[in-house]
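Beneath this line is the structure, given in structure tokens, with notes to follow.
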Amino acid sequence: EVPKGDVVLSLKNVRLLPNAQDTVSFDIRAGEIVGFAGVEGNGQQQLEEMIMGLTKCKEGSITLLGEDITHWSTKKRCAKGIGYIPSDRHARAILPGFSIRDNYLLGTQFSDKYVKKGIIDYKKLNEQTDVLMKHFDVRATSEKQNIGALSGGNQQKMVLSREVDKDADLIIACQPVRGLDIGAIQYIHRVLMDLRSQGKAVLLISAELTDIRQLSDRIGVLYKGEVLAMKNNEELSTEAIGLLMAGQRE
Numbered sequence: 457e458v459p460k461g462d463v464v465l466s467l468k469n470v471r472l473l474p475n476a477q478d479t480v481s482f483d484i485r486a487g488e489i490v491g492f493a494g495v496e497g498n499g500q501q502q503l504e505e506m507i508m509g510l511t512k513c514k515e516g517s518i519t520l521l522g523e524d525i526t527h528w529s530t531k532k533r534c535a536k537g538i539g540y541i542p543s544d545r546h547a548r549a550i551l552p553g554f555s556i557r558d559n560y561l562l563g564t565q566f567s568d569k570y571v572k573k574g575i576i577d578y579k580k581l582n583e584q585t586d587v588l589m590k591h592f593d594v595r596a597t598s599e600k601q602n603i604g605a606l607s608g609g610n611q612q613k614m615v616l617s618r619e620v621d622k623d624a625d626l627i628i629a630c631q632p633v634r635g636l637d638i639g640a641i642q643y644i645h646r647v648l649m650d651l652r653s654q655g656k657a658v659l660l661i662s663a664e665l666t667d668i669r670q671l672s673d674r675i676g677v678l679y680k681g682e683v684l685a686m687k688n689n690e691e692l693s694t695e696a697i698g699l700l701m702a703g704q705r706e
């Protein structure tokens, strides 16, 4: 059990799908993992994209750390305090043709973390890349290796380490273990639980019910763009979640 802090992310009356019968509202507090279960295609992608500003939120509002970010750019949202592990790693998280080191620069190229007056501080970037690869067990021949040559698990650990290193207040983890082996899955589970222990807010979107049950403090079930239930983990049986995923209302 981890003490819950202030509300980090809040959605109020957000319509995920145009034909959804109802809007979506929920909060995530510091020190809490909120997991969303559901058959893919029921609004998970829209939820992810609206929070990140990749899709316009036409109805409702999104608040981060008490500030309305509904119409902010993705860049501004990330700078405010969001770490993002997208569901499509190759389209939105890495540049497969670039080195591991250069992929660690992604998302910070506009900040002064590694860039000063338009010049990349490669010494600092190389040092931090080495630290993160060792700490998160990203296995490669060197930081100069093409990230596209790594296994899916090592690619995902690299993305996770980069986003965690931003020390964001909110981590959005979408399908974080899809296609990974048991070892990589267990490792990523531990990292997400550690983030929760550190007082971070975590939004978990996963098609894997095992992830949702093992990691979440509260579970929401998405069906046709609606949240049919939002309850504490222990209040929902696996059978009940399955029925909700199939559209059976409480």
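Residue numbers for the sequence shown follow my numbering, beginning at 457 and rising by one. We put the CB at the ideal spot given by N, CA and C, even for glycine. Being a predicted model, the structure only gives us computed values, none of them experimental.
Here the segment 490-506 makes contact with the segment 656-676; the two share three or more CB pairs at distances below 8 Å.
In the DSSP assignment, Leu692 falls outside any beta strand (DSSP E), carrying neither H nor E. DSSP, reduced to helix, strand and coil, places Lys468 within a strand of the structure shown. The closest CA to that of Thr511, considering only Ser607, Gln501, Val587, is found on Gln501.
Residue environment analysis places Asn688 among the exposed positions, since fewer than 16 neighbouring C-beta atoms fall within 10 angstroms of its C-beta.
The three-state reading of DSSP puts Leu551 in coil, since its state is none of H, G, I, E or B. For Ser481, the closest of Leu684, Leu700, Gly497 by C-alpha to C-alpha distance is Leu684. The Cβ atoms of Ile518 and Val615 do not sit closer than 8 Å to each other. In the structure shown, Arg674 adopts extended strand secondary structure according to DSSP, grouped into three states. The three-state reading of DSSP puts Ala476 in coil, since its state is none of H, G, I, E or B. Taking 8 Å as the cut-off, the Cβ atoms of Ile641 and Ala596 do not count as close. Rounded to whole angstroms, the separation of the alpha carbons of Ser529 and Asn610 is 29 Å. In its chain, beyond the 5 residues on either side, Glu619, Lys622, Ala624, Ile627 have a beta carbon closer than 6 Å to the beta carbon of Gly539.
DSSP links Tyr540 through a beta bridge to Ile628. Apart from the 5 residues on each side of it in sequence, Pro459 sits with its Cβ closer than 7 Å to the Cβ of Gly487 in its chain, given in chain order. Secondary structure at Tyr679: strand, using DSSP grouped into helix, strand and coil. In the structure shown, the three-state DSSP call for Gly609 is helix. Excluding five sequence positions before and after Ile550, the CB atoms of its chain that fall closer than 7 Å to its own CB belong to Asn559, Ile603, Gln611, Val615, given in chain order.
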